[in-house]
């Protein structure tokens, strides 16, 4: 990303893009999995600016009421 932004998508079963590849909004970049020490399929989504971890919700537009509830409960 530009401006020192960095995103990380953990526990993917399969990534279908390469590191540094330009992607578009809505493009599939991988498939959720349960790798490492996870207890079930999920996505670990992380946003950093430089070395600082920041709240990823400020960068997401969540339209589904069900999804909003799930994301809020995960906090």
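Numbering (this note's numbering), first residue to last: 10 to 84.
Here a beta-carbon is modelled for each residue, glycine too, at the ideal position from N, C-alpha and C.
- In the DSSP annotation of this structure, the continuous segment of the beta strand (DSSP E) that includes residue 22 starts and ends at 21-24.
- By a beta-carbon distance limit of 8 Å, residue 10 does not contact residue 53. Their separation comes to about 17 Å.
- Looking at the DSSP output, residue 61 shares a beta bridge with 58.
- Under the criterion of beta carbons closer than 8 Å, residue 40 and residue 23 qualify as touching, at roughly 5 Å.
- Membership of residue 12 in any beta strand (DSSP E) is not indicated, and neither H nor E is assigned to it by DSSP.
- In the DSSP assignment, the residues bridged to residue 42 are 51.
- Taking the Cα positions, residue 27 is about 9 Å away from residue 38.
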